[in-house]
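Contents: one structure, followed by commentary.
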Amino acid sequence: MNDKRQNYDASAIAHLEGLEHVRKRPGMYIGSTSKAGLHHLVWEIVDNSVDEAMAGFANKIQITITKDNQIRVQDNGRGIPVGIHPQFGISALEVVLTKLNAGGKFESGAYKVSGGLHGVGASVVNALSSKLEAWVKRDGNVYYAQFANGGATIQSIHIIDSYQGNESGTTIQFAPDYTIMEEIPFDKSLIVDHARQIAYLNKGLFISVQDQRDESYVEYQYDNGIVDYVNELTKRSSKITDIIYATNNYIYRHEITKKEVNIGIEVAMQYLDDFYRSNLISYTNNISTHEGGTHLSGFYDAIMRLVNNYALEKNYIKAEADKFSRDDLVEGVVAVISIKHPEPQFEGQTKGKLGSKDARKAVNEVFSEVFERFLNENPNVAKKILEKASMARKARIASTAARDKERKKLPFETGSMPGKLAPCSSKNAEICELFIVEGQSAGGSAKMGRDKVFQAILPLKGKILNTERAKLESIIKNEEIMSLITAMGAGLESNFNINKLRYHKIIIMTDADVDGAHIRTLLLTFFYRYFKPLIEYGFIYIAQPPLFKIQQNKTSFYAFNDKEKNEIIATLNPNIKITIQRYKGLGEMDAQQLRETTMLPEKRKMLQVQIEDAYRADRIFETLMSENVEPRRDFISQNAKYVQNIDL
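FYI, the numbering for the sequence shown is 1 to 648, going by full-length UniProt numbering.
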């Protein structure tokens, strides 16, 4: 341990480039200046502390939201180095906080594995803060530095205290610069869920969140790591197996470069009896890889090879041609795959897919060793797995037959359209919009109020099927769902092709009441479970029709909440009659009103649906669609409308 500590000094901090563009182009570094970007600042600081934990030097992280909406993150790691940097002539701490891409993660001697896709780290947080303070406990001294207005040094590093003992650590506190960032409060629930996820993925790490605004406090520490994670995800379900857990370090030697890569592998998996899909959640260096990747492929490889070989060996199937498909074998599987890779390569538009080829072989071999032993030592349970796969295959074949039958009526992979759809004339998916409208009345107004060139309308008849626990064969027999699938044109399941999608904005437009919220939730559940890429690529939106119409003389104003209504009324002449109408449903608006308030791109307000992280999304949909009615009803009523807001 002492030898390792000596590697983490000022010379271990490497610098790549300056901070010039961060404040001018914040989106390049944190994605946006809205809610997601604001919380990305928190993740960057927390990730630095988690890096210390992954390297074995920290076991405690404390996150605090202060009363004035600042964030403080404290760890008990080694403490950021404070010595003079050989290149810049200032302390390494100041280099880390004022130079872009400067950090120990760029020097192999400091960190073997690091979180974060780009390592922009603390310097970007400093650049986008009105104030940032840093305390470092190291070598018997407490050091302090302060920065303001985007990284300007207010107080250079200096000693403010000394202490006896071996304690060490770093504390960073920052206030976002609201001249750049959208001025919104930090979302405690989002930070708490992120902290819980980090605790699950780092066995034994203690992490707490204190919110001084409401005096709340939570803490997490999971001695069993991702095993506890899977147990949480499956606690309400009927199980076929106990949780199967595999972990090891895998040394991969590249054939050409001969370079050896040490990859840490963890897999926790469980088969469920009453679950008819799979829920496979993957991470690389604590980053959610929601699009999967090579580590997930390695998991698939192991299951397909081992279960099929076992089935052949036990004469459960007779020939190679009878082997189960991947989808047959993972139906009912809930798994968390977490790897720690020193040099991960990411792919995909959202950087949510692991592309490192070595990860596939690593996961395959580490998991195979444990899973093969499990099958051989538990023949009765293995038989239940085979029976589950057989039932999945029968259902798949039946669904294919049913889908072929339905395809004759609603051929969702051809150019045909459902009869109730009012299509648009443009074929350019990038500009085309599909409005999914609650009710025939509102559907009629939407059809008359739309721009026929790029806006299509699909009216819904009542509430759609709850797809959370429905089998695929039931789903494809549902007329409303099949109409939606047909209208989108991208296919379903194995036939899904996002490149065939006809609309890059799919907009849910329902009434602003509990029934409307329930319909929204049913639709979101359907998209999340069967068309998750549409959410990941940002194609799903929720329309925000106004709640109030305020009229004085012949002039009308529209308000989307009570605050806007009151602000509008305050600007009007109090001596002239003011008429206020509260819309109970979309059907109360005529075509012109619906167009001006909800459909016209220049005037409308919309919310874009985003998946903040896999655990949070899964937990929400489990709550919303479980058989326990009261929690679902309360959640729908209070939260269904509140997803990530964006400018349109």
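C-beta atoms are modelled at their ideal positions from N, C-alpha and C, and glycine is treated no differently.
Among the options, nearest to residue i - alpha-carbon criterion
i: residue 664; options: M181, K60, A145 and H341; result: Nothing about residue 664 can be read from this structure; the chain reaches only from 1 to 648.
i: S325; options: L524, N315, Q440 and A311; result: A311
i: A145; options: R196, S91, N376 and G121; result: S91
i: D273; options: Q87, M391 and E133; result: M391
i: V363; options: D301, E313 and V333; result: D301
i: D161; options: I172, S237 and N141; result: N141
i: Q212; options: N561, Y163, K461 and N69; result: N69
i: residue 707; options: I240, I281 and L492; result: Since the first residue of the chain shown is 1 and the last is 648, residue 707 is not available in this structure.
i: I172; options: I198, E369, S129 and L205; result: S129
i: Y217; options: D228, T234 and I191; result: I191
i: S556; options: I569, K463 and K563; result: I569
i: P423; options: I576, K577, S445 and D451; result: D451
i: L607; options: G538, H295 and K188; result: G538
i: R253; options: R529, V261 and I317; result: V261
i: L434; options: G31, P86 and T486; result: T486
i: D590; options: P545, E343, K67 and K563; result: P545
i: G491; options: A456, G264 and Y530; result: Y530
i: F371; options: E480, E493, Y245 and R360; result: Y245
i: I457; options: I508, S474 and A429; result: I508
Continuous beta strand (DSSP E) stretch holding residue i: start and end
i: A456; result: Q455 to L460
i: H158; result: A152 to S162
i: F557; result: T555 to A559
i: R502; result: That residue, R502, is in no beta strand (DSSP E); it is neither H nor E in DSSP.
i: R138; result: S129 to R138
i: V330; result: That residue, V330, is in no beta strand (DSSP E); its alpha helix (DSSP H) goes R326 to V330.
i: K549; result: F548 to Q552
i: K60; result: K60 to I65
i: L272; result: First-last for L272: undefined, no H or E at that position.
i: L280; result: N279 to T284
Neighbour-count burial assignment, residue i, 16 or more Cβ in a 10 Å radius
i: V453; result: exposed
i: E167; result: exposed
i: N497; result: exposed
i: N499; result: exposed
i: G37; result: buried
i: K235; result: exposed
i: G56; result: exposed
i: V514; result: exposed
i: Y250; result: buried
i: Q62; result: buried
i: D511; result: buried
i: residue 653; result: Residue numbering for the chain in the displayed model covers 1 to 648; residue 653 lies beyond these limits and cannot be assessed.
i: N48; result: buried
i: P574; result: exposed
i: T289; result: buried
i: E369; result: exposed
Backbone secondary structure at residue i - three-state DSSP
i: Q440; result: helix
i: A55; result: coil
i: S390; result: helix
i: S34; result: coil
i: L97; result: helix
i: G27; result: helix
i: V125; result: helix
i: Y229; result: helix
i: F147; result: strand
i: R253; result: strand
i: F539; result: coil
i: S494; result: helix
i: A398; result: helix
i: E266; result: strand
i: I244; result: strand
i: L410; result: Low per-residue confidence applies at L410: pLDDT is 45, beneath 50, and the placement is therefore not dependable enough to give any value.
i: D647; result: Since pLDDT at D647 reaches only 33, below the 50 mark, its modelled position is unreliable, and the value read off the structure follows with that caveat. It is coil, neither helix nor strand.
Enclosing alpha helix (DSSP H) for residue i [first to last residue]
i: F299; result: T294 to E313
i: D75; result: Here D75 belongs to no alpha helix (DSSP H); instead the beta strand (DSSP E) covers I71 to D75.
i: F526; result: V514 to Y530
i: A487; result: E479 to M488
i: N566; result: D562 to T571
i: S474; result: L472 to I475
7 angstroms Cβ cutoff, residue i in contact with chain B
i: R373; result: No chain B is present in this structure, which holds just one protein chain.
Counting only runs that start and end within the segment 169-221, where is the alpha helix (DSSP H) found for 4 or more residues in a row?
188-201
Beta strand (DSSP E) runs wholly inside the segment 333-364, at least 3 long, in chain order:
333-340
Go through the segment 581-609 residue by residue and report every complete run of the alpha helix (DSSP H) that reaches 4 residues or more, in order.
591-594
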